[in-house]
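The sequence shown runs 364 to 489 under our numbering.
Have a look at the structure below, then the notes.
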Amino acid sequence: MDSFTGIRFKKETAKRFQTFSRTYFKSHTEAMSTMLDFFFYNEISPKEKLGPTGRTIEAKLLKRINAVIAIMRDVEKTQTKPTVAMIQSLFETEEPTKKPLIVEKKYAEEKKEVRFHEKQNTSNQL
364 MDSFTGIRFK KETAKRFQTF SRTYFKSHTE AMSTMLDFFF YNEISPKEKL GPTGRTIEAK
424 LLKRINAVIA IMRDVEKTQT KPTVAMIQSL FETEEPTKKP LIVEKKYAEE KKEVRFHEKQ
484 NTSNQL
C-alpha cells in the first residue's frame with residue numbers, strides 16, 4: 364500500500380481542486396500527478412500564458428475578414444466596374460455615320476459660280 368502525505372492548502376484552493384479532480388479523475392493523487400506531468404513534459408510554467416484564447420483569435424479573425432471585405436469593395440468600385448463599363452462600350456455596336464463619298468473631280472458635278480458680274484450701270488458713277 365502507498366503511503367500518503369498531508370499538504371496544507373487554503374480552504375478555497377482545496378475545494379476548487381477537489382471539484383476539478385472529481386470531475387476529470389478517479390482520485391486526487393491521479394489529478395495532481397497528471398497536472399505535474401503536463402507541466403514537466405511540455406516544459407512550461409503554470410505562471411505562463413499559453414497564448415491567445417479562442418475568443419481573442421475569433422475577434423482578430425473577424426477584424427481581418429472585415430478589412431478584406433472593405434478592400435474587395437474598394438477594388439470593385441475603383442477597378443472592376445469602370446473596366447467592365449469600358450469593355451462593354453467597346454463591344455456595343457453602333458451604326459456608322461454615313462459620310463459622303465469621295466468622288467474624283469472629273470465625275471463630280473461642277474457648280475458654276477459666277478465670280479465677276481458685268482456692270483449694269485454704263486455711266487462711270489459710283
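Glycine included, every Cβ here is placed at the ideal spot set by N, Cα and C.
Quick caveat, the model's predicted, so the values are computed rather than measured.
Check, Outcome
"Give a yes or no on whether the C-beta atoms belonging to Phe403 and Pro409 are separated by under 8 Å.", "no"
"Quick one: what does DSSP say Gln483 is sitting in, helix, strand or coil?", "coil"
"Any idea what DSSP makes of Arg371, helix, strand or coil?", "coil"
"Where does the unbroken alpha helix (DSSP H) through Gln442 begin, and where does it stop?", "Run containing Gln442: none; DSSP gives neither H nor E here."
"Under 8 Å Cβ to Cβ from Phe372, same chain only, skipping five residues before and after it: list those, please.", "Phe380"
"Report the CB separation of Phe388 from Thr397 in whole angstroms; it is logged as a contact under 8 Å.", "7 Å"
"Pull up the distance between the alpha-carbon of Lys361 and that of Arg385, whole angstroms please.", "Residue 361 is absent from the model: the chain starts at 364 and stops at 489."
"Could you check what DSSP says for Asp365 in three-state terms: helix, strand or coil?", "coil"
"Quick one: grab the DSSP three-state call for Gly414.", "coil"
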